[in-house]
Amino acid sequence: MNDHAVLHVKGRILVGPEDVRDDLWVVDGRISYDRPVGAHDVRTVEGWALPGLVDAHCHVGLGAHGPVDQDVAEKQALTDREAGTLLIRDAGSPSDTRWTDDREDLPKIIRAGRHIARTRRYIRGFAHEIEPDDLVAYVAQEARRGDGWVKLVGDWIDRDLGDLSACWPRGAVEAAIAEAHRLGARVTAHCFAESSLTDLVEAGIDCIEHATGLTDELIPLFAERGVAIVPTLVNIATFPALAEGGETRFPRWSAHMRRLHERRYDTVRNAHDAGIPVYVGTDAGGTLPHGLVAAEVAELVTAGLTPVEALAATTWNARRWLGRPGLDEGEAADLVVYETDPRADVRVLSAPRRVVLNGRVVG
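Residues in the sequence shown are numbered consecutively from 73, following the working numbering.
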């Protein structure tokens with residue numbers, strides 16, 4: 073749109089789960105709930121509007137073998153945009169994606185820097201691989217490079233043990249998390265297993281990714297400390313295939329992965345019922361394709377969240393958690409319009425009617 077064009081979104085504007093308005097105007101890329109005086113060259117879009125969806129665990133610039141070229145990263149971001157994802161928390165990437173900040177047609181990215189993993193305890197080419205004595209220094213480095221988040225690999229398969237085990241001693245994570253907080257960054261960690269969780273939570277971690285090892289015994293600790301989880305259920309769906317592939321060399325690990333998969337919905341439902349914040353993340357990048365946000369919202373409903381609770385986990389609540397605005401007066405117009413009410417059936421998220429980013433219709 074040119075500087076004088078106005079976008080009129082009419083129908084039902086879901087400012088919040090119960091805050092529903094009839095009209096929204098976009099003037100110079102910004103939201104207004106007052107009809108602009110003397111508006112002309114008005115384009116009208118009708119339907120049910122939500123704030124741009126949030127994927128709180130996504131990896132732009134990451135491929136199956138590590139960093140990817142800029143043109144591949146651009147395609148990843150565009151795929152997310154077409155799915156309605158307009159805000160990404162990039163939960164670890166070896167690529168520098170700062171160039172996307174100058175592109176008004178690409179989703180906004182909140183970066184966690186590069187993964188920090190124990191030596192030979194993560195996917196090759198993804199992370200800084202270090203030993204515990206260097207953890208504080210690398211956390212400080214990534215805190216300064218990121219956008220308020222740092223990403224640890226909390227557990228991974230120990231090939232000598234033949235199963236998942238925690239990567240870091242308690243003292244190292246306590247010092248590292250304290251340093252991140254001193255620098256104004258929050259810390260999250262990849263965790264599949266049970267064994268890594270207590271030390272990380274008691275050390276002050278802010279979020280756990282995947283959280284498949286969250287047992288009923290650990291749930292009160294998470295709830296008391298206010299630690300969020302991003303379950304990435306579309307990724308956990310791959311566990312049976314992973315287990316089958318590792319059966320011969322690591323039967324103990326394979327059996328463990330199957331157990332974590334079998335109880336995945338109970339884990340998420342019990343966490344949510346206990347008041348633990350749950351947010352939508354797909355783990356796109358690496359081996360999973362981008363654009364899976366609608367599938368992840370549907371998985372949360374399958375796990376036992378209501379449709380409105382699952383929507384909140386990718387819209388109103390997620391944006392508040394990340395410190396980013398929703399459909400607020402004067403803010404950048406980042407929104408997605410649907411044919412029908414997504415509160416009635418979240419499957420409508422898979423078919424956006426229009427995608428509006430920075431006030432421009434881009435999809």
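The beta carbon of each residue, even a glycine, is placed where N, CA and C say it ideally should be. A quick note: this is a predicted structure, and the numbers were derived from the prediction, not measured.
Residue i, DSSP secondary structure in three states
i: V420; result: helix
i: E118; result: strand
i: T386; result: coil
i: S326; result: helix
i: H333; result: helix
i: Y410; result: strand
i: I348; result: coil
i: I103; result: strand
i: T260; result: strand
i: V306; result: helix
i: D206; result: helix
i: R415; result: coil
i: V434; result: coil
i: L178; result: coil
i: H253; result: helix
i: V340; result: helix
Residue j beta carbon less than 8 Å from that of residue i
i: T260; j: A375; result: no
i: V225; j: I182; result: no
i: S326; j: A366; result: no
i: A384; j: P349; result: no
i: P55; j: R190; result: Because the chain is modelled from 73 through 435, residue 55 falls outside the range shown and cannot be assessed.
Supposed contact pair residue j and residue i - C-beta distance, whole angstroms, cut 8 Å
i: A121; j: V418; result: Wrong, their Cβ atoms sit about 15 Å apart, outside the cutoff.
i: V98; j: V78; result: 7 Å
i: D168; j: V352; result: Contact flag wrong, Cβ pair sits at about 25 Å.
i: L125; j: G156; result: 5 Å
i: L286; j: A244; result: 22 Å between Cβ atoms; not a contact.
i: D227; j: A265; result: 5 Å
Length of the line joining the Cα atoms of residue i and residue j
i: D345; j: G298; result: 13 Å
i: A416; j: G88; result: 15 Å
i: I103; j: D95; result: 11 Å
i: H282; j: D106; result: 42 Å
i: L134; j: K82; result: 38 Å
i: P292; j: T270; result: 11 Å
i: R324; j: R331; result: 11 Å
i: V211; j: V140; result: 23 Å
i: F322; j: A309; result: 19 Å
Residue range of the unbroken alpha helix (DSSP H) whose run includes residue i
i: L269; result: L269 to E274
i: L293; result: I291 to R297
First and last residue of the uninterrupted beta strand (DSSP E) at residue i
i: V126; result: L125 to C130
i: G83; result: V78 to L86
i: E281; result: C279 to H282
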